[in-house]
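In mature numbering (1 follows the signal peptide of the UniProt record, and there is no 0), the protein residues as written are -24 to -1, 1 to 382.
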Amino acid sequence: MRIRFSSVVAAALLSVIGTSGARAENPSDPISIPVLTPLTGALAILGQDGKKGLEIAAQEINEDGGIAGRKIVFEFADSQGKPDVARREMERFVRLRNAPFVVGDDISASTSTAAQFAEASGTPLFNVAAVSSEIINRHYHWYFSQQITSDNEADAVVAFLTSLTEPKGGIKSQKIALLYEDSPRGADTGELVRKLLEKQGVKVVVETSYNRAERNLLPVMKKVQEANPTILVWAGYTEDVVAGLKAMKQLDFTPYVIGVGGGPGDPRLPQLVDAEFIDRLNLCNIDYFNPDLKKVAYLTEEYNKRYNALPSSYVGLAYAAGITLKTVLEKVYKKSAAPTREDLQAAFRELDMSIDQTAIPGAIKFDADGRNVGAQGLVAQWKNGARKKATVFPASIATMSPTPIK
């Protein structure tokens, strides 16, 4: 349920928490960090996963002494995955709470409206999950995106395809299909992949989209199957990927599948779809996180302890952002017990974390538009009858080799 405040409650909160939303007047009080994320609605699973990742990051940070001797606490507001609600909650944090910055753990469409308000109000928005490069291309000054962008994803798709198909005559020897859900996130990725393939002289055999709310993807999959692709590049979320995989099994349609986004790599997938069929597809996904990376051992162990499962991509993205925030907050709170928005903006702009310091595959350094120029995508593939998901690309961080294309 989205948090609602009366003027009396708001006044009381402001007197206790202070006016920043990310600090308290009493130096011994926890530092409260506002987060926008979908906790209810069709995309609630993403927000719930992000919430778990941030909470585990907070636990690790607090166990290590916190920030300037103070614990951190993430305060979650439900965007419902809706752009208008995300903007309203962003405005509440900024105007009512006078927050010096906000964490955005949301889909691209909702992040887009939050970023617009962040720019207009001069409030740093630290993006955890949205991959749309379109937001970054607006040249905002107050938006910082740690996440890989759809450009990075498209680059990783084509690089992996090139590596995968080299022993079989190269990328031009394959019949490649594109499939994606029709949000700005999916459409952006699909278009970028197509353009990169065209630069290499590859024309996709079929390109189609669908509404992510659709749960009967049999007609869509039948259309793709009729083009007889050897490789399917597919951008989607968990729910629509599950529906699509079930349709593929019904059609006995088994191309080599390269997914994009959290859906194809969701650790719950083998419980939702026939694991043997997932194995037949050699299903893999372009990602920013995989539980087998050594640098996220704390997260993987703690998550398994709490939930008896492996963390999903969204858990990993949020956790990694929390670890990055530790570096940012340590810098600003070392200078002031009451950092301003300008202090936070400067800290994000000056951030320079090497690959050895991050909880992600790459480094972290923002350019003038808030793009993480150190971001690096990876490819994770379901292995051993879909019982585990291994990092298979790039070779520098791979824990297993990718399954060869037939």
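The beta carbon of each residue, even a glycine, is placed where N, CA and C say it ideally should be.
Since the structure is predicted, the reported quantities are computational estimates derived from the model, not experimental observations.
DSSP-derived helix/strand/coil call for residue i
{"i": "R73", "result": "coil"}
{"i": "F229", "result": "coil"}
{"i": "K179", "result": "coil"}
{"i": "F324", "result": "helix"}
{"i": "F265", "result": "coil"}
{"i": "E51", "result": "strand"}
{"i": "I83", "result": "coil"}
{"i": "V107", "result": "coil"}
{"i": "Y279", "result": "helix"}
{"i": "K365", "result": "strand"}
{"i": "A189", "result": "coil"}
{"i": "P59", "result": "helix"}
{"i": "S288", "result": "coil"}
{"i": "L15", "result": "coil"}
{"i": "L259", "result": "coil"}
{"i": "K144", "result": "helix"}
{"i": "G235", "result": "strand"}
{"i": "K359", "result": "strand"}
{"i": "S97", "result": "helix"}
{"i": "I299", "result": "helix"}
{"i": "A(-1)", "result": "Any reading at A(-1) is ruled out, since the residue's pLDDT is 45, under 50, leaving its predicted position unreliable."}
{"i": "R114", "result": "coil"}
{"i": "S(-18)", "result": "Bear in mind that a pLDDT of 35 at S(-18), under 50, signals an unreliable position, so the number given afterwards is only what the model happens to contain. Helix."}
{"i": "S88", "result": "helix"}
{"i": "M376", "result": "coil"}
{"i": "S8", "result": "strand"}
{"i": "V349", "result": "coil"}
{"i": "K171", "result": "helix"}
Residue i: first and last residue of the uninterrupted alpha helix (DSSP H) it sits in
{"i": "G239", "result": "238 to 241"}
{"i": "F136", "result": "126 to 141"}
{"i": "F342", "result": "Looking at the DSSP string, F342 is not in any alpha helix (DSSP H), and its letter there is neither H nor E."}
{"i": "A34", "result": "20 to 39"}
{"i": "Q247", "result": "245 to 248"}
{"i": "residue 384", "result": "With the chain covering only -24 through 382, there is no way to say anything about residue 384."}
{"i": "I254", "result": "251 to 256"}
Own chain partners of residue i with C-beta closer than 6 Å, once the 5 adjacent residues on each side are dropped
{"i": "S330", "result": "A339"}
{"i": "G29", "result": "V291, A294, Y295"}
{"i": "K151", "result": "V181, P205, T206"}
{"i": "S97", "result": "V70"}
{"i": "L305", "result": "I43"}
{"i": "K382", "result": "none"}
{"i": "V368", "result": "V355, Q357, A374, M376, P378"}
{"i": "D81", "result": "V11, T13, G26, V104, A105, A294"}
{"i": "E36", "result": "Y274"}
{"i": "L194", "result": "A223"}
{"i": "P267", "result": "T276, L286, P287"}
{"i": "V134", "result": "L172"}
{"i": "G41", "result": "none"}
{"i": "G162", "result": "Y156, A211"}
{"i": "L221", "result": "V249"}
{"i": "L269", "result": "none"}
N-terminal and C-terminal residue of the beta strand (DSSP E) that residue i is part of
{"i": "A313", "result": "It is not in any beta strand (DSSP E) - A313 carries neither H nor E in the DSSP assignment."}
{"i": "Y156", "result": "152 to 157"}
{"i": "Y119", "result": "119 to 121"}
{"i": "A335", "result": "Run containing A335: none; DSSP gives neither H nor E here."}
{"i": "I43", "result": "Run containing I43: none; DSSP gives neither H nor E here."}
{"i": "K271", "result": "Counting along the chain, K271 falls outside any beta strand (DSSP E), and DSSP gives it neither H nor E."}
{"i": "I207", "result": "207 to 211"}
Same chain only: Cβ atoms within 8 Å of residue i, ignoring 5 sequence neighbours per side
{"i": "T316", "result": "P76"}
{"i": "T89", "result": "P59, D60, A62, R63, M66"}
{"i": "N38", "result": "K47, I48"}
{"i": "K199", "result": "V182, T184"}
{"i": "R(-21)", "result": "Its pLDDT being 38, under 50, R(-21) is placed unreliably in this model, and the coordinates cannot settle the point."}
{"i": "V196", "result": "L155, T184, Y186, E190, G220, A223"}
{"i": "A203", "result": "K151, A153, V181, V182"}
Cβ-based neighbour list, residue i, same chain, cut-off 7 Å, excluding 5 preceding and 5 following
{"i": "V308", "result": "P315, D319, L320, A323"}
{"i": "A130", "result": "T165, L168, V169, L172"}
{"i": "E110", "result": "P160, D164"}
{"i": "Q226", "result": "L194"}
{"i": "E142", "result": "none"}
{"i": "R256", "result": "T230"}
Okay, do the segment 208 to 226 and the segment 180 to 189 touch, 3+ Cβ pairs below 8 Å being the bar?
-> yes
Are at least three pairs of beta-carbons, each pair with one atom in the segment 266 to 282 and one in the segment 10 to 19, less than 8 Å apart?
-> no
Contact between the segment 116 to 130 and the segment 139 to 156: three or more CB pairs below 8 Å?
-> no
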